[in-house]
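Numbering (the numbering used here), first residue to last: -12 to 290.
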C-alpha cells in the first residue's frame, strides 16, 4: 500500500508554495515592468526632479495643428511603495508558512513548539490578508479620485501629479501613437489587482493550517488541551457517548495505615534425636592381588 503522507504534505503546501509565493513574485515583476516602460520613454529633469516626455498631437480639442509637446510627469510613488512593501511581506509570510507546515506535517515533537508554529502562521497570514486588502482598497480609491485629463487643454497644465497608472492610461487615451503607454497601463492595473490573489492565497494557507490543527484535536489542542494523542493519530480522549452522561472515574487504590509495630510471634522448633548409623564394614578379599607390570611403561628421555 502506498504511503500518502508525502502527497498530503504537497497538497498542504500548494497554497503557500505554489500560489502565494508565485503571486508575490509576479506582482514584483509586473511592477518593475510598468516602471521600466515609462522611465525608458522619459528624460529626468534634475532641477525639479520630474520626468519629461515628448508626445506628438494637437494642443486643443478638435484642432488639426499637430505638434510636439513636452509633458512633465510628477509621479505619486505612494501606491508603488505600498505594493513593494506587500511583496516583501509576501516573501516573509511565505517562508513562515513553508517552514511551519513542514514542521507540523508530523505528530512528533513537543506540543508547545507546534502550537507556537500554529499561532505564528495564523497571525502572519491574517496580517497578510488585512494588509493586501487594505492596500488594494486604498490604491483603488486613490486611483478613482484622480480625474486626470478631461481634454487636450489639460495636457499642458503645470504641477500635475498622478500615479503611474493614471499617467500611462491617460497618455494611451489621448496619444494612441504611444504604443508603450497601453502596455504600461495594463501592467500597472494588473499589479494592483494581483493584491486580490495575495489575499485569497493567504486565506487558503489558513485552510491548510486548519487541516493540520484538526488532526491534533482542533481548537482545544491549540489553546493548550490534550486533543488527539500525538502517538496515535486515530485515538481521542475518552468522552461520554450519550448526552448528559457523567464520566465514570475509576477510584484509585486506597492505602490503609498500618500499625507502627507488629507483635513478635515466638517461633518454636522441635528437634528429634536421630539414632546413630553404623558404618558398613569393608570385606577383605584374601589371595594374591594383581600387580601392574611396570616394565612396559614408557620412560621419558631427556637430552
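Glycine residues also receive a C-beta, built at the ideal position from the N, C-alpha and C atoms.
The stretch 3 to 16 makes contact with the stretch 67 to 85; the number of CB pairs closer than 8 angstroms reaches 3 or more. Cα atoms of residue -6 and residue 81: separation of roughly 20 angstroms, rounded to the nearest angstrom. Boundaries of the beta strand (DSSP E) harbouring residue 39: 38 to 45, taken from the DSSP string. A contact between stretches requires three or more CB pairs, one per stretch, nearer than 8 angstroms, and the stretch 19 to 28 meets this requirement with the stretch 174 to 181.
Our two residues, residue 45 and residue 130, have alpha carbons roughly 26 angstroms apart in a direct line. By the neighbour-count criterion, in which 16 or more other beta carbons inside 10 Å mark a residue as buried, residue 93 falls on the exposed side. Per DSSP, the continuous beta strand (DSSP E) segment holding residue 60 begins and ends at 53 to 62.
Looking at the DSSP output, residue 31 shares a beta bridge with 38.
When only Cα atoms are considered, residue 164 and residue 69 end up about 31 angstroms apart. Excluding residues up to 5 positions away in sequence, 24, 28 lie with their Cβ nearer than 7 angstroms to the Cβ of residue 167 in the same chain.
Residue 55 is not a Cβ neighbour of residue 38, given a cutoff of 7 angstroms. Close CB contacts of residue 147 within its chain, under the 7 angstroms cut and outside five residues either way in sequence, are with 61 (chain order). The beta carbon of residue 40 lies closer than 7 angstroms to those of 28, 29, 58, 60 in the same chain, with the five residues before and after it left out. Taking 3 residues as the shortest admissible run, the stretch 95 to 152 contains no complete beta strand (DSSP E) segment at all. In this structure, 192 is the residue among 210, 192, 197 with its C-alpha nearest to the C-alpha of residue 4. Distance check between residue 135 and each of 151, 120, 15, 110 places 151 closest, using alpha-carbon atoms only.
Of 84, 208, 156, the smallest CA-CA separation from residue 1 is found for 84. With a contact defined as Cβ atoms closer than 8 angstroms, residue 186 and residue 126 miss out at about 13 angstroms.
Within the same chain, Cβ atoms closer than 6 angstroms to the Cβ of residue 149 are found at 133, the five residues on either side in sequence being excluded. The Cβ atoms of residue 107 and residue 182 lie no closer than 7 angstroms to each other. With a contact defined as Cβ atoms closer than 8 angstroms, residue 48 and residue 138 qualify at about 5 angstroms.
DSSP places residue 13 inside the alpha helix (DSSP H), whose first and last residues are 8 to 26. CA-to-CA, the gap between residue 210 and residue 204 works out to about 10 angstroms. The three-state secondary structure of residue 68, taken from DSSP, is helix. Taking C-beta separations shorter than 8 angstroms and ignoring five residues to either side along the sequence, the partners of residue 200 in its chain run 105, 206, 208, 209, following chain order.
Sixteen is the threshold: since fewer than 16 other Cβ atoms of the shown chains lie within 10 Å of the Cβ of residue 52, the residue is exposed. The beta carbon of residue 112 sits closer than 8 angstroms to the beta carbons of 80, 84, 189, 190, 192, 193, 196 from its chain, once the five residues preceding and following it are set aside; these are given in chain order. According to the DSSP assignment, residue 4 belongs to no alpha helix (DSSP H), since it is labelled neither H nor E.
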